[in-house]
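First comes the structure, then the notes that go with it.
There are 4 protein chains.
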Amino acid sequence: MSRASLSGKKSKSIDNTGFSPNSDAAGRRLINRDGTVSLRKKGIPFYERISIYHSLLRMPRLYFILTVFGIYTSLNIIFATIYFSLGPDSLEGTLLADSLSERYLQAFFFSSQTLTTVGYGHISPVGFVTNVVASIESFIGIMSFALVTGMFYARFSRPEAYIRFSDHFLVAPYREGKALMFRLATTKNNHLTDVEAEVTAAIHVTEHGKATTKFYQLALEFSKINSLGVSWTVVHPLDENSPFSDFTQQDFTAGRLELMITIRAFDDHFSNTVQQRTSYIQQEMVYGARFLPMYEQSKDGKYLHALLDKLNDTETVTWQH
Amino acid sequence: MSRASLSGKKSKSIDNTGFSPNSDAAGRRLINRDGTVSLRKKGIPFYERISIYHSLLRMPRLYFILTVFGIYTSLNIIFATIYFSLGPDSLEGTLLADSLSERYLQAFFFSSQTLTTVGYGHISPVGFVTNVVASIESFIGIMSFALVTGMFYARFSRPEAYIRFSDHFLVAPYREGKALMFRLATTKNNHLTDVEAEVTAAIHVTEHGKATTKFYQLALEFSKINSLGVSWTVVHPLDENSPFSDFTQQDFTAGRLELMITIRAFDDHFSNTVQQRTSYIQQEMVYGARFLPMYEQSKDGKYLHALLDKLNDTETVTWQH
Amino acid sequence: MSRASLSGKKSKSIDNTGFSPNSDAAGRRLINRDGTVSLRKKGIPFYERISIYHSLLRMPRLYFILTVFGIYTSLNIIFATIYFSLGPDSLEGTLLADSLSERYLQAFFFSSQTLTTVGYGHISPVGFVTNVVASIESFIGIMSFALVTGMFYARFSRPEAYIRFSDHFLVAPYREGKALMFRLATTKNNHLTDVEAEVTAAIHVTEHGKATTKFYQLALEFSKINSLGVSWTVVHPLDENSPFSDFTQQDFTAGRLELMITIRAFDDHFSNTVQQRTSYIQQEMVYGARFLPMYEQSKDGKYLHALLDKLNDTETVTWQH
Amino acid sequence: MSRASLSGKKSKSIDNTGFSPNSDAAGRRLINRDGTVSLRKKGIPFYERISIYHSLLRMPRLYFILTVFGIYTSLNIIFATIYFSLGPDSLEGTLLADSLSERYLQAFFFSSQTLTTVGYGHISPVGFVTNVVASIESFIGIMSFALVTGMFYARFSRPEAYIRFSDHFLVAPYREGKALMFRLATTKNNHLTDVEAEVTAAIHVTEHGKATTKFYQLALEFSKINSLGVSWTVVHPLDENSPFSDFTQQDFTAGRLELMITIRAFDDHFSNTVQQRTSYIQQEMVYGARFLPMYEQSKDGKYLHALLDKLNDTETVTWQH
C-alpha cells in the first residue's frame, strides 16, 4: 500500500497546527517529549526576545536559587562600595578592626542587614548621606525581595498536571480492528477532572514529487473523561474514519508518523486549569502490543492501588488476520 | 424485574468516567462523601508521588501550623548549631551566662531573630564567618517565609464552594411519576451563580455471568441554575429516558447504585470558578420521601431566611400506584 | 388585557433561576440594585455560616482597616500581658520608669516591635522564657501579617467591572414597535471586551387563584458585544417572541415586573473575567422615553468623549399608536 | 465600482461591536495600534473615573517607581514631622547634633527605619506618645508595602501575549483570488497554544446621503490554530462570502477600511489566558504583496529558527488579472 492513499479519505488534513507543511524536511521532531517546541528565535536583540518573568519561572531550580543569591550578593557589593566610599566615619560599630578590608566587610554586612531589614543595629549609619543611602537601600530591599519571593512562590505553586505518559504508543487490537493507543497517569497526589485529550498526527508524504507534511486531528474513542483515577488509555481507532485506516507498520515508519498530544484538565482541589503536552515519534511505536492493567485492590478492599511502575507494561499480541 | 433490563434502553451507558468497569467487584465506594477518590498510588518512590504544594494545601490546618512551626524550629536549630560551633566569640550579647547550654540558647535566639528579620541587636554577630552566616540566614529566612506565608494565604483564600449536601438522596414523587432527588445549599456568606450539576450513576450488574459496573450520565430536570439562593433540589426524573425507569427499590439495592456528583459554579463576588464533588451510595437512599421547604419570610418581609438546619427535612410519601 | 395572556405564548417560562415561584408573595425585591440577594441564612451556628475570607473581602474599607488594627492591638495586648507577667527582669531597656503601668507599656511596645519585626532593640528580651515568647511572637507576626496583607491586597486588586447602570429602564420605541431598554457604561479607566448580558424577568401572576412568580429569560437585540466603548444600551424587543409582547403599562405595574441582570466581561488589560449584577423593579420603569446620546467628539477630533453624567438622560416620546 | 455595492451581499453587517455607526465622521482611528481605544471619559469627578489599581498597573515603569518612591518619601515626611513636633526628647540617639534641621533629619531617618521595619535601634523612640506613633507607623509600613510590592509583582507577572504584528496588512494572491492578510509572531520565550483571532472590519460609507460606519466580522481561513510556532499569517479570503469581494484598491481607500484585531491564546507554560488587540487602518495597507518566509533550519537540523526581523518582509506581486 502506498502512502498516496492518504488522499481521498474521509478525514481531511488540517492546516491550522501552527506548523508549516514544508518546514520539516530534515526530519526533526516537531514537539519534544517534554512538550516544548524545537524552535529558536533570532533576528531581534536578546533583550527583546526574553521575558524575564518566563525565564525565571522556567529555569531549573538550582539556577534560580543561584541567580537570586547572585542578585542579593551583587546588591550588597554595590551598596557596600557606596558605604565604603563614604569614608570610615560613615558607619558606627564595634565589631571589626580598621583595616581597609575589614572596613569593607563591615560595610558589606551592614548592607546585608539593611537589604533584608534585619537591622541588628550593632552597625549603624552615621551622617546625612549614609542615612539617606541606607534609607534607599532598605526600600530597594523590600521591593526587590517582593519580586524574588513572588517568583519563588510562583514557581512553587505553578499549576501543573504531573502527568506521566507511557514511553511508547501502541498499535493494539481494538474491537474488530486496531487502534493507536498510549497511556497516561498522574503520578502525584493531585486529582484531575474533566480531562481532555487532543491528538494531532503529522505524517510526511511526497506529493507531486515534493516532500510535504500533512496534519490530521485524530478522532478518539473518548476525547474527555470525567475524572482521571488510575490511568487513561487514549485510543484512536484505526477504522474507516481514520486517515491511517489501511496503514501497515511500514507505512507508519516510512511516513515518520509523529503524534502531538495536548492534555488539558481541571485540578479538582485547587480550581486551576492545567495543560501538559508531549509527542511520540515513529521510533516510539510498538506495533502489536496491548497495555496490561496497572491497578489492584488493596487487601482490605477499601482502596484501589494505582501501580505506577506498570505504566509501560505491555504484552505482545499476534494479529488474527 | 431483573436488572438485565438495563440493556436495550434509550440511555446508553458511558465509558469515559475514568473508572474501570471491572475494578470494583469488592463493593467499595467509588467516590467518598467529601469528593475524594479511594485511590492510592504505588510503585514509584514516595518523593515522586508527592506534590509538596498539594500536600501543604490539603493537610488539616493544625498539621499545617505544626509543620510550619517545625520547619521554623528546625532551621533555628541548624543555624544555632552553626553559630555555637563557631565558638564563644562569634556572638556578642549581654543576656545569658557562659555555660554551654546558655551559649547554645543565645545562639538559638539570635538565629530566630535573624530568620524573622526582627534583629533586636542585643545579640549581634562578631567576625567574618558569623556575619556571613547571619547574612545567609536572613536571606534564607525571607525566602522560606515567602513560601510558608504564601501557602498560608493560599489555604486561607482557596476558592471553595461551601456547599452542603443533604445526607440522603430520595426517590420522590415527581409530576406523574418518580424522580431521584438530592438537595444542596451554600452554608456561608458566599453567593454562587451559574451553578452546574453533573450526576453520574454507577450500577453494578452481572452480564454474561461476569460482574461489571455500568456508568450513566443522568439527565437532570435542570443541569444549570442562574443563581443559588436558598437551596437547589437536583432532580433526575425516572422517566422513559432514564436508565432506571422501571427500577424498584430492590433493583437499586441489588445494583448498589452510586451517584457521583460534581457541582461547578462561579463565585459571584470574587470571580472564581469553584467546584465541589460528592457521592451517594445506595445505603443513603430514602425511597418514598419528599423534601420540605427550607425557607421562610422574615417578619418585616424584607428578607428571605434560608433555614439551613432543615436541609435534611423530608416527609414520607406513600405512592398512589 | 389580562395578565393571563402570559400563558400560551411562544416564550416559555423558566424554572432554573434559583428563585422559588412562591417565595415572594410579600412583594420583596428579588435582587438588590447592588446585585446582592435579600437572603439571610439561619439554623446553623454563626461560625458555620461565615467564610472569614468572604467577610473580610466584602466589608467596607473602614471596617476592614479597623478590624485589622484591632487584631494588631489585641495581639499586642496578649503578648504584653505575657511579658509583663514574666516579671520586671524579663525585658531590658532604658526608656520607661518602673511603675507598673510603665512596665506594662514597655511590654506593649516591645510586643509591637516584635510583631512587626521592626525590632529596634532599645527594649530587648532577657532570659529563656521571654526569648522563647519573643521568638514565637515574631513567627506569629509574620504569619498573621501574611494573611492580613494578603487580604488587603486582594481587596485592592479584586477584579471589578466598574459598571454603572442607568437609574431607570425604559419602554422605548424600537423599529416598528417597542422595546425594554436600559443603558450601562464603565466609569473607570478599565476596558471591557466580550461583554455579555443576561436578563431574566420575574413577573407576579395569579394562576388558578394562587399568586405565583414566573421567570423568563429575555431575548436581547445583542446579548454580547465585542468591546464596551462609550456605553451599551441593552434592548429586549417587545415583539412576538417576547412574553410581554402585548403588555400595557398597567400590566407591567400590576405584575410587578422585575428585571434581573448579569453582565459578564473580560478585562482587556488584565485578563480577568469580571461579573456584575443588578436589577430593576417596576417602580424604576419609565414608559415612553428614549436615551439621548452620551458622547461627543473632542475638538481636535482625536478622541471620543464619553459623557458619563448623561447616562440617565432621556427624552419623552409619544407613541404614534 | 461604487461602495454602495456593500449592501445586498451575503455577509451581513453587525452592530454589536460597541462602536457607534455615526460616532466617527471625523475619521479618527477606532482602535490604536497598541489596542487601546481613543476614548476619554468626562462628566463625573476625577476620583470616580479612576481605578487606582488599573492606573498603577498601566503606567510606565519609571512613573510607577517614582510614584512609589514618592509615597515612601511622603510618608516619611509626615511621620518625621510628627516625631519632630513631639520635641527633642521624643527620640534617643547619638548620631546627629541638636540643630533643628539635624533633629528633623534624625526624625526622618528614624521614620524610614520604622516604615521599612529595618529598625537598627541606634535611634529609638522615647516616651508614650512617640512609642505609640512608632507602633502605628510600623503597622502602616507593613500594610502599605504590601500594596506596593503586590502591585510591583503584579506588573512584573502580568499575563502578556508578547505578540508582534506586521507593520502592514496586505492584499495578496490567495488560491485563485485575493485575500487580506497580516502576520504575527511571539517575540519572547513564551509559547502560545489554542490561539484565536477575531477580525472586525469597519468601513465608512454614505447611505441615503448620510455618513455611516458599517462593521463586519471577517471570515478567516483559520480562526484558531493549535500552537503558535514561528508565526501565523491570518487570512481573510476576498471571496464571495466577503463583504469586500469586488473591492478595488480605491474602494478600500475611499471607505477608510479599519481592521480591528483581537488575539486570544493560552500560555502553554503558565496556564494563563492572554489577549492582545491591535488595528490596521487603510494607510497601513499594501495592495499587491505577499509575505516572505521567516524561518530557516539550523545548520545541524535540530532547531527551526524563527527570523523575527523578517516579520515585515514582503515581495511585490503583479496581478494576473
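In the order they appear, the protein sequences are chains A, B, C and D.
Take the first sequence: its letter number 163 is residue 167 in the numbering used here, and every next letter is one higher.
Take the second sequence: its letter number 42 is residue 46 in the numbering used here, and every next letter is one higher.
Take the third sequence: its letter number 233 is residue 237 in the numbering used here, and every next letter is one higher.
Take the fourth sequence: its letter number 166 is residue 170 in the numbering used here, and every next letter is one higher.
Idealized CB from N, CA, C, for every residue including glycine.
Residue i, DSSP secondary structure in three states
i: B/Phe-243; result: Phe is not the amino acid found at residue 243 of chain B; the sequence shown has Asp there. The answer is coil: DSSP assigns B/Asp-243 none of H, G, I, E or B.
i: B/Phe-23; result: coil
i: A/Tyr-326; result: Missing from the structure shown is residue 326 of chain A; chain A here goes from 5 to 325 and no further.
i: C/Leu-90; result: coil
i: D/Ser-128; result: strand
i: D/Gly-123; result: coil
i: C/Leu-151; result: helix
Span of the alpha helix (DSSP H) around residue i
i: A/His-212; result: Element bounds for A/His-212: n/a, residue is neither H nor E.
Beta-bridge partners of residue i, as assigned by DSSP
i: B/Lys-314; result: In the DSSP output, where bridge partners are listed per residue, B/Lys-314 has none listed.
i: B/Asn-80; result: According to DSSP, B/Asn-80 bridges with nothing at all.
i: C/Phe-295; result: C/Thr-318
i: B/Val-203; result: B/Ile-265
i: D/Ile-18; result: D/Phe-219
i: B/Val-290; result: B/Leu-174
i: B/Thr-134; result: According to DSSP, B/Thr-134 bridges with nothing at all.
i: B/Glu-300; result: B/His-309
i: A/Thr-197; result: A/Ser-231, A/Phe-270
Cα-Cα separation between residue i and residue j, rounded to whole angstroms
i: C/Lys-16; j: C/Lys-218; result: 10 Å
i: A/Ala-293; j: D/Thr-237; result: 42 Å
i: A/Asp-255; j: D/Ile-167; result: 39 Å
i: D/Ala-183; j: D/Asp-250; result: 11 Å
i: B/Lys-303; j: B/Asp-198; result: 30 Å
i: A/Ser-266; j: A/Ile-54; result: Ser is not the amino acid found at residue 266 of chain A; the sequence shown has Thr there. About 25 Å.
i: A/Ala-3; j: B/Ser-42; result: Nothing in the structure corresponds to residue 3 of chain A, since chain A is present only between 5 and 325.
i: D/Val-321; j: C/Phe-226; result: 42 Å
i: A/Val-122; j: B/His-126; result: 13 Å
i: D/Trp-3; j: D/Met-185; result: This structure cannot speak to residue 3 of chain D, because chain D is shown only from 5 to 325.
i: D/Tyr-108; j: A/Phe-132; result: 11 Å
i: C/Leu-66; j: C/Phe-169; result: 26 Å
i: A/Thr-118; j: A/Glu-141; result: 7 Å
i: A/Asp-243; j: A/Tyr-178; result: 10 Å
i: C/Asp-171; j: D/Ile-35; result: 30 Å
i: C/Ala-310; j: D/Gly-47; result: 8 Å
Contact test: residue i Cβ vs the ligand SAH heavy atom, cutoff 7 Å
i: B/Leu-315; result: Although the ligand SAH was asked about, the structure shown includes no ligands whatsoever.
Limits of the unbroken beta strand (DSSP E) element including residue i
i: D/Leu-109; result: Looking at the DSSP string, D/Leu-109 is not in any beta strand (DSSP E); the run it does join, the alpha helix (DSSP H), is 104-119.
i: D/Tyr-307; result: Where D/Tyr-307 is concerned, there is no enclosing beta strand (DSSP E), given that its DSSP letter is neither H nor E.
i: B/Ile-285; result: 276-285
i: C/Leu-174; result: 173-178
i: B/Glu-96; result: 95-97
i: C/Leu-188; result: 181-190
Q: With a floor of 3 residues, list each beta strand (DSSP E) that falls wholly inside the stretch 224-273 of chain B, ordered by position along the chain.
A: DSSP runs (the beta strand (DSSP E)) wholly in the stretch 224-273 of chain B: 228-232, 236-241, 262-271.
Q: Return the chain-ordered ranges of every beta strand (DSSP E) run that is complete within the stretch 25-74 of chain D and spans a minimum of 3 residues.
A: Fully enclosed beta strand (DSSP E) runs of 3 or longer: 43-46.
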